[in-house]
Amino acid sequence: MRFVSSMKVRNLDQYLHLHFIVLIFGFTGILGKLISFPAQYLVFYRLLFTIPILFLIIKFKKQTLRVTRKELIQFLLVGIIVGMHWITFFHSIKVSNVSVALSCLASSTLFVGILEPLFHKQKIAWLEIVMGILVLVTLSIMLGFEITYIKGALFGVTSAFLAGTFNVINKRFSGTKSSLSLTFYELIGALIPVIIVIFWNQTEWNSFPIPKQWDLLWLIILASICTAYPFAAIVQLMKTLSAYTVTLAINFEPIYAIILAFFIFGDSEKMGTPFYIGVAVVMMIVFAYPTIKKLKTNYQHEI
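If you want our numbering, it's the position in the sequence shown, counting the first as 1, plus 11.
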């Protein structure tokens with residue numbers, strides 16, 4: 012009886028830790044608004060600070076960074092998608108607000124469901140197609156009432172699509188290498204689109220933004236507490252918690268971020284009633300998706 016009780020306490024601790032990590036992920040959007048730099052510079056410094064921290068974590072854990080040339084190219088290409096995802100995500104925040112960007116990012120789970128059969132040459136699941144269409148239609152309707160945020164919504168949905176693409180492709184490599192070393196090379200690859208965008212937009216290099224005071228503090232927090240730490244922690248939690256539990260918890264990220272943004276930024280994050288109704292509908296669909304999929308899988312196994 013005491014053993015069962017201790018198991019329940021340990022599971023509760025892990026579950027609370029998981030939601031704390033998701034809360035940190037949600038705070039990433041807050042930092043995206045607090046940092047004054049345009050999206051490409053924000054992502055550039057995020058990578059510049061995160062890569063050395065991740066390198067130290069890998070060395071501390073005594074994991075190898077050795078990969079083949081083919082694997083290196085593959086990981087760098089996946090990293091390009093990561094870089095594009097971060098640029099579009101933070102740009103969505105810059106041209107709209109945290110609430111819009113995170114509500115659009117919620118659709119990434121359903122993009123995974125749509126893209127996975129295409130990448131892995133599996134039978135197309137109509138459940139994912141129907142739910143994906145419902146999410147996009149709901150987003151279109153709710154943001155139609157917030158016409159000033161349409162540009163941010165387009166970048167937000169693009170970011171969600173790129174996040175879904177990254178997750179589907181990354182799944183192929185997850186069992187071949189250490190998660191930390193895989194991420195290390197992907198983050199280096201993420202620098203490629205970031206540097207291209209910077210070169211494309213930078214006209215005078217003496218005006219290249221250098222982080223000072225609050226921007227420097229927010230970037231350090233973004234790189235360490237909101238990037239390196241949660242990734243290392245969630246990899247550890249996934250050894251004991253099911254993928255279903257982790258996926259369900261991550262779906263809380265937009266909710267946490269929207270609540271945090273409202274209390275931190277006040278009126279600039281205040282949206283109309285149709286927006287919050289739309290967010291509620293999107294979150295209902297996103298939360299229902301893994302449950303319906305699990306029930307469908309169990310039903311097929313019983314048959």
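Backbone N, C-alpha and C fix where the C-beta goes; we use that ideal spot for every residue, glycine too.
On a predicted model such as this, the values are computed, not experimentally measured, just so you know.
Sub-8 Å separation of residue i and residue j beta-carbons
{"i": "V293", "j": "T149", "result": "yes"}
{"i": "A117", "j": "V297", "result": "yes"}
{"i": "I104", "j": "G175", "result": "no"}
{"i": "L87", "j": "F195", "result": "no"}
{"i": "G6", "j": "V89", "result": "What is shown of the chain runs 12 to 314, which leaves residue 6 out entirely."}
{"i": "T399", "j": "A239", "result": "The structure shown does not extend to residue 399, since the chain is modelled only from 12 through 314, so no value can be given for it."}
Whole-angstrom distance between residue j and residue i, CA atom to CA atom
{"i": "K304", "j": "F177", "result": "21 Å"}
{"i": "L42", "j": "L59", "result": "16 Å"}
{"i": "L126", "j": "K70", "result": "35 Å"}
{"i": "F289", "j": "L228", "result": "Inspection of the sequence shows that residue 289 is occupied by Gly rather than by Phe. Roughly 35 Å between the two C-alpha positions."}
{"i": "L230", "j": "A50", "result": "12 Å"}
{"i": "S235", "j": "P222", "result": "16 Å"}
{"i": "L198", "j": "L252", "result": "26 Å"}
{"i": "V319", "j": "T99", "result": "No information on residue 319 is available, as it lies outside the stretch 12 to 314 that the chain covers here."}
{"i": "S170", "j": "M95", "result": "8 Å"}
{"i": "I35", "j": "S218", "result": "32 Å"}
{"i": "K182", "j": "L67", "result": "25 Å"}
{"i": "A299", "j": "M142", "result": "9 Å"}
{"i": "P128", "j": "W97", "result": "24 Å"}
{"i": "A260", "j": "I266", "result": "11 Å"}
{"i": "W225", "j": "T120", "result": "33 Å"}
{"i": "L306", "j": "I144", "result": "21 Å"}
{"i": "S151", "j": "L173", "result": "19 Å"}
{"i": "M18", "j": "L248", "result": "Note that M18 scores a pLDDT of 46, beneath 50, so its modelled location is shaky; the value from the coordinates is reported in the next line. About 15 Å."}
Supposed contact pair residue j and residue i - C-beta distance, whole angstroms, cut 8 Å
{"i": "I32", "j": "I232", "result": "Going by Cβ atoms, the distance from I32 to I232 rounds to 15 Å, so no, they are not a contact pair."}
{"i": "V179", "j": "V109", "result": "That belief does not hold up - the Cβ atoms of V179 and V109 are roughly 26 Å apart, past 8 Å."}
{"i": "L191", "j": "Q74", "result": "6 Å"}
{"i": "Q85", "j": "F210", "result": "Not really, about 25 Å apart at Cβ, beyond 8 Å."}
{"i": "E280", "j": "G37", "result": "Going by Cβ atoms, the distance from E280 to G37 rounds to 13 Å, so no, they are not a contact pair."}
{"i": "S107", "j": "Y160", "result": "4 Å"}
{"i": "P220", "j": "Y52", "result": "5 Å"}
is_contact[residue i, chain C] using C-beta, thresh 8 Å
{"i": "L58", "result": "The chain inventory of the structure shown lacks chain C, comprising one protein chain alone."}
Please confirm if the region 23-34 is in contact with the region 196-213, defined as three or more CB-CB distances below 8 Å between the two stretches.
no
Counting Cβ pairs, one atom from each stretch, are 3 or more of them under 8 Å apart for the region 105-114 and the region 158-170?
yes
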